[in-house]
Every structure is written in C-alpha cells, then in structure tokens.
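Participant: Sequence order for the protein chains is H and B.
Here the first sequence stands for residues 1 to 388, where the numbers follow UniProt numbering.
Here the second sequence stands for residues 1 to 121, where the numbers follow UniProt numbering.
We put the CB at the ideal spot given by N, CA and C, even for glycine.
Next up is a structure, given as structure tokens.
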Amino acid sequence: MAETSPQDLKTTPLYQRHLDASGRMVPFGGYSLPVQYPSGIMTEHKWTREHAGLFDVSHMGPSFLELTNPSGDAEADHAAISAIIEPLICGDIAGLKPGQIRYTLLLNNTGGAIDDLMVARSRTAGTLYIVVNAGTKDGDFARIEAAAGDRARLIRADGDNALLALQGPEAVVVMTTIAPGAEDLGFMQYAVFDFAGQQITVARSGYTGEDGFEILVPNVIASQFWDALLADERVKPIGLGARDSLRLEAGLPLYGHDLDESVSPIEAGLGFAVSKRRREAADFPGAARILQEVVEHAARVRVGLIVDGAPAREGAEILDASGTSIGVVTSGGFAPSLGKAIALGFVPPAHAEVGSQLQVSVRGRPQPAEVVPTPFVPHRYFRKPKAS
Amino acid sequence: MTTKFTPDHEYIRVEGSTGIVGITPYAQEALGDIVFVELPAIGKVLKKGEEAAVVESVKAASEIYAPVSGTVTEVNEELTGNPGLINADPEATGWIYKIAIADAGEIDGLLDSDAYAELTL
C-alpha cells in the first residue's frame, strides 16, 4: 500500500492544490494525480451526480491544428484543415459549424481504434481544437503532424495549460458565474471566454454522462481558476477514481480498456462516430472492414452487464449460460449510483441481446450477469432545442 | 485477550482458542469505500497466509489472508448487506470471520500493536 511519487512523474499546475486538499496521489498516465480526496470515491461520485464535481484532467492531450497559410476565407480554410485530419479518422469534420465539437476515432488501416478523441471547429478560420487521450497523445500528435506535413502545424497545449472538467447538474450555474454566456453553449459546442485577463477555452462536454464543461486554462491562472470554482459551495474536487466509476455508469468506453487497435467502432458500439458522409464516401482507414461490419454484424460487440455479486473487473471471462467462455470484461466495477456491480465487455452478437442471461467468472467462480442497455445511468447532456 | 497484526494489515483478536479476524483501520482507510465482501465458507480449513476472504472497494479487490492456520467457525453475515461496516468500525462490528486456531504458536510470530504501529507510521 506504499504510495510513492517517483521523480519521473509529471505534475500538473494544480499539484499543490491536490496536496493541500489531501488528495491521494497516484501515478496515472505519467502524471501524479489524485485518485480520491478524503471524502472517498463513493461520496465524490454521488456529489458529481447531484451537484458539480471538479476534475483535473491535465494529463490529457489538448492541441490546436492550424493551417500554415490560411486564405482568410473561413469556409475554404475549414475545408483545407478538415482535409488534413479526415483521412486519419471516421468523423465528418468538414461538416462542423464554428464552435461545434465531434467525438471521433483515429483508425489504423484495419479499422482498429488508435485512439478516441474530440475534434472541434474553431471560430478562427482554418483551426481545429483537438483533445486526445493521455496514454496515446505522443503517438497521436506525431501521426497528425505527419499527415499535415507543411500544410498545417500542430500546437500542443498540454504543457502550457491545465485541462479541467466541471461535471454535474449544477455545473452550468457555477460556470455561468465565472464565464457569463457559457450557459448558451449546447452539448458539444465550445467558445473562448476571458478570465483574469486570459483566454479560457470552455467546451460543453465531458465523460461522466452529466451536463458539464471541459475547460482549457493557461497555467498562469490555473490555480486561480480552480480556486474560483471551488469557492462555490456546489463544487467539490473529485479524483480519478470517481471519474472512472462515473464514465462506466455512463456506458462510455475507455481507451486502452474497452478500445484498442483491434477494436473497430462498430464492435465498440460507436457506429454513430462513423459519420454518414464518410460512410457514403468509404474514405476512412479500415473502411472495408467497418462498412462490412455494419451490414453483416461484427464478430463481437460491446455490451453492458449487471453482475450479481462481486464486481467483475477488467479481464474477467464472460461465459454463456452453460459455462462456455464467450468473451471478456474490458471495464468493470461497482456502480455507486445503482448499488450494483456493472461491467462492459465483448461477446458474440448472438449473446448481445438485452436480457441475455450470461455469467462472469470472478476468482474462478461463475456469477450471474445480465445484458442490459447502456448507459447504465441515463445521460443528462444539455441539448439546445433546434432552431426552427 | 490479545490482538495481533500481520504486515498485510489483518488483525486477529484472540479469545481463548478462537481468533476474530478483520482488517485494520489503516487498511480500510487505504482501501476506501468497501462495496463487497467475499466471506469464507464455514468449516473451511485455512493455512497461515492462505487467501481467506476478499474485500472489494469501488476500484479494486484485495485479498485477506489468514493470519494463522485453523478452521473457519463463523462469518460476519452482516457484511453481505452492509460491507461499509468495515469502513465504519473495522475492529468491532466490521470483523470478517472467526477461526478455531490450530497452532497457538503461530500467534507469537505475529506483530504486536507497537510493532504494527511502527509499520504504518
């Protein structure tokens, strides 16, 4: 149970704030980050579902991809920057409106996921705001830079900025006190605001299933911004432990666990991330496999399970009713909102129907598990009514 | 009555030839919110150091090892419905199982409270 902080771990601009709040620091994605604060994962999880939780996610990979020679014509420049990133991913970036964010996947040539990421169209012509996962960021950035050549430059924002997430039903009222106008953003839209004389990038997005924001904040004001949010009694700092249990309840896949280079978007239940225009053009990496899986069904699909008994963790075998191994749990644990063990895993389509009675093997003993719809806890994203 | 400890953070409270086994306040604190306890079967014969139970927090499963050899005589069924008793009161209502001690000599090899306190400083 030793808690070491090896010197080769990176720290975020909020490291001292975590120590001051008695955060239990653990190595995570090469950074020293709090897995929990003294109130514990269960309390932190429930606080986020009921109020607003503040997370330090500065280990992730925010960046900007900018055209080297923009023409000044907003539409032409957006088309040009989209043409650089689209060959790597399955999302329709050309079709984004200014300030709109899209969840998409970086794919290898066999349609496996190299990463899942957010790509947004800036309100500045010819610029994309891109956020990738911590564990894959160096490789992702190298891949994007190679594709860009001298047409665009990738500006990493992960060293000079903190990335925070404010999540929960009260996030919007809190955010509005700090960045008036943030309440006008719909889910998956972002805008730039001023705070303490600096620009902060506020995206209405997150990975907890709740309404909320992800905010890119320059290092010089990161602590001040953190303190400003926490001055509101509706906000508490939340560690990575609750971040994981929240995203699991939200049924969202986690790269390196539910997604890897062998898993296609269709297998992962992320068919929505393969945009219609891209399907029709079949112009993304691994299109042959992915489009075939759409028609003929994948060999395996991701399902949600409610597990009776001990939590089934990553790596636990999934068995059919007669005890034959049919798949594996890729994320699993205890759902604080439900008071039950839940899991995500992959099984053949024949066993993937909601209501299928399966089993999971925990410490060598089979336990009942039922296929249920995901998300396990309903999403509460803020969607603006469509303008007529 | 005496209480002894293992370096793995189990305690055993010895009452005659019976030991009451649980995890220490330090261990429950380190594990965080406990959400599930897998109890041993009554009658199970355990060797010292063998896995006796499993305590699961939101994040992870932790094995609880037998501090001494013996036979499980009773388990704390309350933990099935209320595993959080281990967090709330690890040394009393949060006990895990009772064991009929096979070899009293094994008790002497465990840590006393001072030695355990030193370990968790």
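Just the Cα atoms here: how many angstroms apart are B:N87 and H:E314?
Facilitator: In the second sequence, residue 87 of chain B corresponds to position 87, counting from 1. In the first sequence, residue 314 of chain H corresponds to position 314, counting from 1. Taking the straight line from one Cα to the other gives about 25 angstroms.
Participant: Going by the C-beta, is H:G256 closer than 7 angstroms to any heavy atom of the ligand NAD?
Facilitator: Judged by which ligands are present, the structure shown has none, so any question about the ligand NAD falls away.
Participant: How many Å lie between H:P349 and H:V377 at the Cα?
Facilitator: Position 349 of the first sequence, counting from 1, holds the residue named residue 349 of chain H. Position 377 of the first sequence, counting from 1, holds the residue named residue 377 of chain H. Straight-line Cα distance between these residues: approximately 23 angstroms.
Participant: Report the three-state DSSP secondary structure of H:T48 (helix, strand or coil).
Facilitator: Working through the first sequence from its first residue, we reach residue 48 of chain H at position 48. Helix at H:T48.
Participant: Suppose you measure from the CA of B:G19 to the CA of B:V68; what does that come to, to the nearest Å?
Facilitator: The residue you call residue 19 of chain B lines up with position 19 of the second sequence. The residue you call residue 68 of chain B lines up with position 68 of the second sequence. Cα to Cα, the separation comes out at about 9 angstroms.
Participant: I need the boundaries of the alpha helix (DSSP H) containing B:T73, first residue and last residue.
Facilitator: Here residue 73 of chain B is taken as the residue at index 73 of the second sequence, counted from 1. Not the alpha helix (DSSP H): B:T73 falls in the beta strand (DSSP E), residues G70 to V75.
Participant: For H:P87 and H:I144, I'd like the C-alpha separation in whole angstroms.
Facilitator: Position 87 of the first sequence, counting from 1, holds the residue named residue 87 of chain H. Position 144 of the first sequence, counting from 1, holds the residue named residue 144 of chain H. Rounded to whole angstroms, H:P87 to H:I144 spans 10 angstroms at the Cα level.
Participant: Once DSSP output is grouped into helix, strand and coil, what is the label at H:L9?
Facilitator: One-based indexing of the first sequence puts residue 9 of chain H at position 9. H:L9: coil per DSSP, three-state reduction.
Participant: Is the CB of residue 411 of chain H under 8 angstroms away from at least one CB in chain B?
Facilitator: Nothing can be reported for residue 411 of chain H, as the shown portion of chain H is limited to 1 through 388.
Participant: Who are the Cβ neighbours of residue 393 of chain H in its own chain at under 7 angstroms, not counting the five residues just before and after it?
Facilitator: The structure shown does not extend to residue 393 of chain H, since chain H spans only 1 to 388, so no value can be given for it.
Participant: Are the C-beta atoms of H:T4 and some chain B residue less than 8 angstroms apart?
Facilitator: For the purposes of this step, residue 4 of chain H is identified with residue 4 of the first sequence, where counting begins at 1. Per-residue confidence for H:T4 stands at a pLDDT of 46, beneath the threshold of 50, marking its modelled position as unreliable; the derived number appears in the next sentence. False, the Cβ-Cβ gap to chain B never drops below 8 angstroms.
Participant: Rank H:I306, H:G269 and H:V301 by C-alpha distance to the C-alpha of H:T104 and give the top, closest one.
Facilitator: For the purposes of this step, residue 104 of chain H is identified with residue 104 of the first sequence, where counting begins at 1. Of the candidates H:I306, H:G269 and H:V301, the one whose C-alpha sits nearest the C-alpha of H:T104 is H:G269.
Participant: When Cβ atoms are compared, which residues of the stretch 40-61 of chain H fall closer than 9 angstroms to chain B?
Facilitator: G40, I41, M42, T43 and H45
Participant: Could one say the Cβ of H:A369 lies closer than 8 angstroms to chain B's Cβ atoms, at least one of them?
Facilitator: Numbered from 1 along the first sequence, position 369 holds the residue referred to as residue 369 of chain H. Judged by the 8 angstroms Cβ criterion, H:A369 is not in contact with chain B.
Participant: Can a CB atom of chain B be found closer than 8 angstroms to the CB of H:R313?
Facilitator: For the purposes of this step, residue 313 of chain H is taken as the residue at position 313 of the first sequence. Interface residue, yes.
Participant: If you reduce the DSSP assignment to three classes, tell me which class residue 389 of chain H lands in.
Facilitator: Outside the displayed range of chain H (1 to 388) lies residue 389 of chain H, so it cannot be described from this structure.
Participant: Buried or exposed for H:E261, please, with buried defined as at least 16 other CB atoms from any protein chain shown within 10 angstroms of its CB.
Facilitator: Mapped onto the first sequence, residue 261 of chain H falls at position 261. H:E261 should be labelled exposed.
Participant: Only counting the same chain, and skipping five residues up and downstream in sequence, which positions put a Cβ closer than 6 angstroms to that of B:G32?
Facilitator: Numbered from 1 along the second sequence, position 32 holds the residue referred to as residue 32 of chain B. Closer than 6 angstroms at the Cβ level, and outside the excluded window around B:G32, lie S57.
Participant: Determine contact between the stretch 246-264 of chain H and the stretch 82-101 of chain H, defined as no fewer than three beta-carbon pairs at a distance below 8 angstroms.
Facilitator: no
Participant: Roughly how many angstroms separate the alpha carbons of H:E317 and B:D114, rounded to a whole number?
Facilitator: Taking the first sequence and counting its residues from 1, the one referred to as residue 317 of chain H is at position 317. Taking the second sequence and counting its residues from 1, the one referred to as residue 114 of chain B is at position 114. Using only the alpha carbons, I get a separation of about 43 angstroms.
Participant: What does the alpha-carbon distance come out to for the pair H:H379 and H:P265?
Facilitator: Position 379 of the first sequence holds residue 379 of chain H. Position 265 of the first sequence holds residue 265 of chain H. In a straight line, the C-alpha of H:H379 is about 20 angstroms away from that of H:P265.
Participant: From H:E280 to H:V274, what distance separates their C-alpha atoms?
Facilitator: Counted from its first residue, the first sequence places residue 280 of chain H at position 280. Counted from its first residue, the first sequence places residue 274 of chain H at position 274. H:E280 and H:V274: Cα-Cα distance of roughly 10 angstroms.
Participant: What's the C-alpha gap between H:D346 and H:V362?
Facilitator: For the purposes of this step, residue 346 of chain H is taken as residue 346 along the first sequence, with counting starting at 1. For the purposes of this step, residue 362 of chain H is taken as residue 362 along the first sequence, with counting starting at 1. This sequence places Phe at residue 346 of chain H; Asp is not what is there. Their Cα atoms are separated by approximately 16 angstroms.
Participant: From what residue to what residue does the beta strand (DSSP E) around H:P368 run?
Facilitator: Along the first sequence, read from residue 1 onward, the residue named residue 368 of chain H stands at position 368. Looking at the DSSP string, the run of the beta strand (DSSP E) that includes H:P368 is R365 to V372.
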